[in-house]
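Which chain is which? The protein sequence lines are E and L, in order. Numbers in the numbering used here are just positions in the first sequence, counted from 1, shifted up by 3. Numbers in the numbering used here are just positions in the second sequence, counted from 1, shifted up by 10. Built from N, CA and C at the ideal position, the CB exists for glycine as well. One structure is given below, encoded as C-alpha cells.
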Amino acid sequence: MSGLLLLPVLPIAVAAAAALGLRGIWVRAATLAAALACLALAVAAAAITERTGKLDLVPDWFGLNSLGALFLLLAAALAVTAALFSTGYVRHLTPDGAAERRYYLNFNLFVASLLLVPLMLEVALAWVAVELTTLLSIFLVGFANTGEALEAAWKYAVLTIMGATVAALGFFLLLWGLAQSGGGPQTFDALVSAAPAMPSALRKLAFALILVGFGTKIGLVPVHTWLPDAHSQAPTPVCALLSGIEVSLILYVVMRLLPVFTAIADFPIGDWLIVVGLLSAGVAAFLLLQVHDLKRLFAYSTVEHMGILLTALGFGAGAAYGTVYHVLTHALAKSLAFYAAGVVVLALGTRDIGAVRGLLRTNPFCGAALLAAGLAIAGAPPFAVFLSEITILRAGLAAEQYWAVGLLAFFIVVAFLGVMRHVNGMVFGEPKSDVRAVLPASAVATVVIAMVPVLVLGISMPGPLAHLIEVAAAEIARTP
Amino acid sequence: MSMAVVASLNTLFGVLFLLATFMMLALRQTQAILHAYVAQALLLVGSTALLAVAAASPELAIVAFITLVAKPLLVPALIVRLLAPALRAKREVQATINVPATLALALAISLLAYFLTRPLVAGVDPVVQVNVPIGLDVLLLGVVMLAIRREAVPQLMSLMVIDNGAFFAGIAITTSSALVEFAAALEGVMVVMIVALLTRAIARSLGRTEVSALAMLREGKAP
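This is the structure we're talking about:
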C-alpha cells in the first residue's frame with residue numbers, strides 16, 4: 004500500500020503545474036482527477052484498516068490507524084466535491100485566468116495538507132501538518148481580496164497560528180514526559196503507552212495548553228470569533244472543506260491524544276470536555292438565531308457541532324461510536340449545506356437572508372437544495388445527523404450525565420429552530436424578486452452528488468463503513 | 011565547561027530572554043520592537059548552542075544552526091523586505107492598554123507561569139528549571155502582546171514571540187530528529203512570509219496596517 008504516499012503528492016503536483024502555467028480547462032480537470040485518485044486510494048486504505056486496524060507506510064513516521072483512515076476518507080471525499088463545485092464557480096467568481104490559476108494552486112496545496120494530517124504517526128509532524136492546514140488556506144480565505152475577505156483572513160491567520168503555537172508547548176511537554184519514562188519513537192501510540200508513567204502535573208498542563216491552543220483552531224467558544232468570518236468569506240468550495248473537515252481534523256489530533264489524559268488522579272477530564280463543549284454548542288445555538296448572512300449561518304452551525312462533538316468525547320468510552328459517527332455525518336451534511344448556500348448565492352447574487360423569499364417558486368432547484376441541506380444539518384429525521392445526535396444523547400444517558408444530556412438536547416433543538424427559521428423564510432413565501440440565473444452545471448451536479456450520502460446514510464449504513472466506525476471508535480475509547 | 015558554569019550562563023540567557031520580551035511589551039515603535047525581537051531570537055540560539063555544547067549533542071548543534079538561520083536572520087530579513095513602509099513609520103504604534111498597566115499584567119503572568127511549572131521542574135536539571143518556566147512565561151506574554159497591539163507588524167512579531175517561548179522550553183526538554191527540526195523551522199519562516207504578504211495585501215487594499223480598525227464583519231448587519 005505504498006501507493007498511499009501518492010496521496011499528498013498528487014495535489015501538490017497539480018499545484019506545481021498550476022504555478023508553472025497550467026490553466027483553464029486543464030487545471031480544472033487535473034484538480035478533479037487528482038482528487039478522484041486520492042479518493043480511490045483513501046477507499047483502498049480504509050478497506051485495509053477496516054480489516055487490520057492499522058496500516059504502516061514508514062513505521063513510526065507515516066501510516067494510518069482506523070480512526071485516521073475514516074478522516075482520510077472524508078477529507079478525500081470532500082476534496083472531490085469541492086473540486087467539482089470549483090470548476091464552474093471560480094470562473095463565475097473571476098473571469099481572470101491568472102486569478103483562477105492562483106486559486107487552484109492554493110486549493111490543491113490546501114487539499115494536500117488536509118490529506119497529510121491523518122497520515123502522520125509522528126506527533127511533531129502531525130502538529131506541523133495541522134499548522135500547514137492553516138497556512139495553506141489563509142490566501143484562500145482572503146481570495147476575494149475585498150476588505151471583508153482580508154479582514155477574515157487576518158483574524159483567521161493570527162488567532163489560529165497563535166492557537167497552534169500554544170498547543171506546540173503542550174506537545175513539547177508530552178514529548179518530555181515520554182523521554183522521562185524511557186523514550187522511544189515519538190508517536191501517538193508511544194505517548195499513550197507511556198502516559199501512566201508521566202507526572203500528572205505535566206499531563207494536566209499539556210492538556211490545558213492543547214485544549215486552549217487547538218480549541219482556538221477548532222473554533223470553540225470563547226475563541227471562536229474568527230470562525231464565522233473565515234468560514235463565510237472564503238470561496239464556497241473552500242468553506243465546505245474548512246467547515247466540513249478541516250476543523251474536524253484538528254479534533255482528530257485531539258482524539259488521538261485523548262487517551263494520554265484519561266485516568267489522571269483528581270482530574271475529571273470528561274467534565275472539562277463537557278463544560279467546554281456545552282458552552283460552544285449553547286452559545287453557537289443562540290448566535291445562530293440572529294445571523295443575516297446565509298454562509299455565516301452554516302459557519303455558526305459548525306461551532307455548534309464542534310461543541311456537540313467535544314461534549315460527546317466528554318461522555319467517555321460509551322459515546323465513542325456516536326462521536327465518530329457524528330464526525331462523518333457532520334462532514335457530509337455541512338459540505339452539502341455550503342454547496343446549497345453556494346448555488347443560492349450564485350443564483351441570486353446575495354447572501355442576505357432577509358432579502359430572499361419564495362425560493363421554491365423562483366428557483367425550485369435552489370429552494371429544494373437549501374431546504375434539504377438545512378434539514379440535514381439541523382438534524383431532522385431521516386437525515387444521518389439526526390441518527391448520530393441521537394446516538395450521542397443515548398450514550399450520554401447511559402453514562403448518567405443527565406444534566407449534560409438535557410442541556411445538549413435543548414441546544415440542539417434551539418439550533419434546529421435557528422437554522423430552519425432562516426431557511427424557511429428564504430424557501431417559502433411570496434417571492435421578492437424573480438431572478439432566474441443560469442447555474443453552472445458543475446455546481447448543480449455537486450449538490451446532487453453531495454446529497455446522495457446524506458440521504459442514504461440516514462436510511463441504511465453499509466456494513467464495512469459501520470465496522471470502520473466501530474474500530475475507529477475503539478481507538479478513542481482505549482485507555483493506556 | 012563545567013555543569014555549574016553552563017547552568018549559570020543559561021540562567022543569564024534566560025533572564026535576558028525574558029527581559030527582551032518585557033521590552034517588546036513596553037516599546038512603542040515598530041522598528042525598536044523588531045530589534046528587541048532579534049535580540050530575543052539570538053538569546054534563543056545562544057541557549058540552544060549552550061545546551062548543545064554541554065550535552066556534546068550534534069543534534070542540538072544542528073537545531074541551534076537551523077534556529078540561527080531562521081529566527082534572527084531570515085525572519086527579520088523577510089519583514090524588512092516585505093513590510094518596509096510599515097517599519098519606517100516613525101509614529102508610535104498604538105496599544106489598547108498603557109505601558110504601566112501592560113507591565114503590571116506581565117508581572118502577574120510571570121508569577122502565574124512560575125507557579126504553574128513549579129511542580130513540573132522540582133528536582134530536575136537546572137537548565138530545565140530555567141527554560142520551562144521562562145518558556146511558558148514568554149509564550150503567555152506573547153499572547154498578551156498579540157491581544158493589546160493594534161497594528162499588523164507588531165501582531166506578527168507577537169506570533170514570533172509566542173513561537174520563541176514554546177521553543178525556549180522545547181529545546182531544553184525534547185530531543186528530536188533533523189527532519190522535525192527542519193519542518194518546524196520552515197513552518198516558522200512560512201508563517202512570517204504568509205502573514206507579511208497578507209499584511210501587504212491589507213495595506214494595499216485599505217491604505218494602512220492598523221488591523222484593529224478592521225471591523226466590517228460583525229453580527230446584526232446585512233451582508
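Annotated three-state conformation of residue 190/E is strand, per DSSP. Sequence-distant Cβ neighbours of residue 257/E in its own chain, meaning closer than 6 Å and more than five residues away, are 217. Secondary structure of residue 123/E (DSSP, three-state): strand.
Taking 8 Å as the CB threshold, residue 120/E stays off the interface with chain L.
Under DSSP, residue 61/E takes part in a beta bridge, and its partners are 65/E.
Close CB contacts of residue 202/L within its chain, under the 6 Å cut and outside five residues either way in sequence, are with 85 and 88 (chain order). DSSP, reduced to helix, strand and coil, places residue 274/E within a helical segment of the structure shown. Within chain E, the residues 172 have their CB atoms less than 8 Å from the CB of residue 145/L, given in chain order. Distance from the CA of residue 199/E to the CA of residue 476/E, rounded to the nearest whole angstrom, comes to 21 Å. According to DSSP, residue pairing for residue 355/E in a beta bridge involves 296/E. Taking the beta carbon of residue 79/L as reference, no residue of chain E falls within 7 Å; the closest one sits roughly 18 Å away.
Just so you know, the alpha carbons of residue 121/E and residue 72/E end up roughly 7 Å apart.
Taking 8 Å as the threshold, the shortest C-beta distance from residue 179/E to chain L falls below it. Just so you know, the alpha carbons of residue 179/L and residue 14/L end up roughly 20 Å apart. Residues of the same chain with a CB within less than 7 Å of the CB of residue 171/E, apart from the 5 flanking positions on each side, are 130 in chain order. For residue 222/E, the CB contacts under 7 Å within the same chain, skipping 5 residues up- and downstream, are 230, 250, 305, 306 and 309 in chain order.
The DSSP assignment places no complete run of the beta strand (DSSP E) inside the stretch 102-126 of chain L (cut-off: 3 residues). In the DSSP assignment, residue 159/L is bridged to 105/L. Using a C-beta cut-off of 8 Å, the stretch 56-66 of chain E makes no contact with the stretch 91-105 of chain E, since fewer than three inter-stretch Cβ pairs fall below that distance. Within the stretch 116-142 of chain E, contact with chain L at the beta-carbon level (separation under 8 Å) is assigned to 125, 127, 128, 131, 134, 135, 138, 141 and 142. For residue 147/E, the three-state secondary structure derived from DSSP is coil. By the CB criterion at 8 Å, residue 175/E and residue 183/L fall inside the cutoff.
Interface criterion met: the Cβ of residue 189/E is under 8 Å from a Cβ in chain L. Residue 220/L: not part of any alpha helix (DSSP H); DSSP gives it neither H nor E. Proximity of the stretch 196-212 of chain E to the stretch 256-273 of chain E meets the contact definition, three or more beta-carbon pairs being nearer than 8 Å. As the crow flies, the alpha-carbon of residue 316/E is around 24 Å from that of residue 137/E.
Residue 482/E carries a coil assignment under DSSP once its states are collapsed to helix, strand and coil. A check of alpha carbon separations from residue 164/L across 99/L, 197/L and 43/L identifies 43/L as the nearest. Any Cβ of chain E closer than 8 Å to the Cβ of residue 173/L would place that residue at the interface, and such an atom is present.
Looking at 12/E, 471/E, 180/E and 414/E, the one whose alpha-carbon comes closest to that of residue 134/L is 180/E. With 16 or more other CB atoms across the displayed protein chains lying within 10 angstroms of its CB, residue 456/E is buried. Rounded to the nearest whole angstrom, the CA to CA distance from residue 227/L to residue 418/E is 22 Å.
For residue 232/E, the enclosing alpha helix (DSSP H) begins and ends at 229-236. Within chain E, the C-beta atoms nearer than 8 Å to that of residue 156/L come from 161 and 165, in chain order. Around the CB of residue 157/E, 16 or more other CB atoms lie within 10 Å, so the residue is classed as buried.
Following the DSSP letters along the chain, one finds residue 435/E in no alpha helix (DSSP H), marked with neither H nor E.
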